[in-house]
Amino acid sequence: MNTPAHFQVLGICGSLRQKSYNMIALRTAGELMPPGLKLRITSIAELPIYNFDVQEKGFPAPATKLREEILAADALLFASPEYNWSVGAPLKNAIDWMSRFQPQPFNNKPAALFSATGGPVGGARGQYDLRRILSGLGVHWLMKPEVFIGMSASLTDQMVAFEDWIKRMKRAFS
Numbered sequence: 421m422n423t424p425a426h427f428q429v430l431g432i433c434g435s436l437r438q439k440s441y442n443m444i445a446l447r448t449a450g451e452l453m454p455p456g457l458k459l460r461i462t463s464i465a466e467l468p469i470y471n472f473d474v475q476e477k478g479f480p481a482p483a484t485k486l487r488e489e490i491l492a493a494d495a496l497l498f499a500s501p502e503y504n505w506s507v508g509a510p511l512k513n514a515i516d517w518m519s520r521f522q523p524q525p526f527n528n529k530p531a532a533l534f535s536a537t538g539g540p541v542g543g544a545r546g547q548y549d550l551r552r553i554l555s556g557l558g559v560h561w562l563m564k565p566e567v568f569i570g571m572s573a574s575l576t577d578q579m580v581a582f583e584d585w586i587k588r589m590k591r592a593f594s
């Protein structure tokens with residue numbers, strides 16, 4: 421009997437808070453994933469603030485580690501809060517570091533995104549900014565369903581659609 425292929429999904433949480441709603445939701449998403457997906461969560465907490473002077477002396481180990489994790493993953497899953505109507509500084513900093521590498525680790529990666537926030541729009545503004553930023557770096561987003569925790573969309577539905585999206589993207593770029 422053939423075992424189904426497992427796609428390695430790298431989870432990236434945009435919040436550094438110990439009791440982050442987004443980290444809780446990211447772990448829950450891993451539990452809700454269909455059998456063809458396997459989630460591994462990384463941390464962006466150790467990345468220094470991006471500074472070209474630091475980069476010129478060599479990429480710091482946490483940046484190189486994150487790059488390797490992104491390159492090794494079949495897909496990315498972001499859990500990102502909204503700060504001041506946009507992407508939070510920790511996640512934007514991670515993106516800024518990754519954008520400096522060649523080859524670009526985000527290029528042609530299938531990705532999905534959700535947010536968990538107490539705000540009235542569930543992180544929508546931050547999600548749309550993150551989609552715009554990472555689209556410029558070659559990420560291919562799963563567009564539907566959109567998930568704003570606390571609203572009506574289903575995280576389980578998103579994980580099933582995400583598996584299908586990864587399969588289609590892998591076929592398209594193989």
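Here our numbering is used: the first residue of the sequence shown is 421, the next is one more, and so on.
Note that CB positions come from ideal geometry on N, CA and C, so glycine has one too.
I'd like the span of the alpha helix (DSSP H) that includes K512, first residue to last. 509-518 is the extent of the alpha helix (DSSP H) around K512.
Thinking C-beta only, is F593 closer than 8 Å to D494? Pairing D494 with F593 gives a Cβ-Cβ distance that is not under 8 Å.
Can you have a look at K458 and say buried or exposed, based on whether 16 or more other CB atoms are within 10 angstroms of its CB? It is exposed - the Cβ of K458 has fewer than 16 other Cβ atoms within 10 Å.
To the nearest angstrom, report how far apart S535 and S435 are at their CA atoms. Approximately 10 Å between the Cα atoms of the pair.
In terms of alpha-carbon separation, which member of V559, I569, I432 lies closest to I586? If we check each option's Cα against that of I586, V559 comes out closest.
Start-end ranges of the alpha helix (DSSP H) lying completely within the region 525-590, minimum 4 residues: The qualifying runs are 544-555.
Under the assumption that L533 contacts F498 (Cβ atoms under 8 Å), give the Cβ distance between them as a whole number of angstroms. Yes, L533 and F498 are in contact; Cβ-Cβ is about 4 Å, under 8 Å.
DSSP-derived helix/strand/coil call for Y441: Three-state DSSP puts Y441 in a helix.
I'd like the span of the alpha helix (DSSP H) that includes A499, first residue to last. Element bounds for A499: not the alpha helix (DSSP H) but the beta strand (DSSP E), 495-499.
Once DSSP output is grouped into helix, strand and coil, what is the label at F427? The DSSP-derived three-state label of F427 is strand.
Please classify S500 as buried or exposed, where buried requires at least 16 neighbouring CB atoms within 10 angstroms. Classification of S500: buried, given that the 10 Å Cβ count is 16 or more.
Report the rounded CA-to-CA distance for N471 versus A531, giving the unit in angstroms. CA-to-CA, the gap between N471 and A531 works out to about 27 Å.
Would E583 be called buried (16 or more neighbouring beta carbons within 10 Å of its own) or exposed? When all chains shown are included, E583 counts as buried.
When DSSP builds the beta bridges, which residues end up paired with I432? In the DSSP output, where bridge partners are listed per residue, I432 has T462, F498.
Helix or strand or just coil, what does DSSP make of L446? DSSP places L446 in helix when its eight states are reduced to three.
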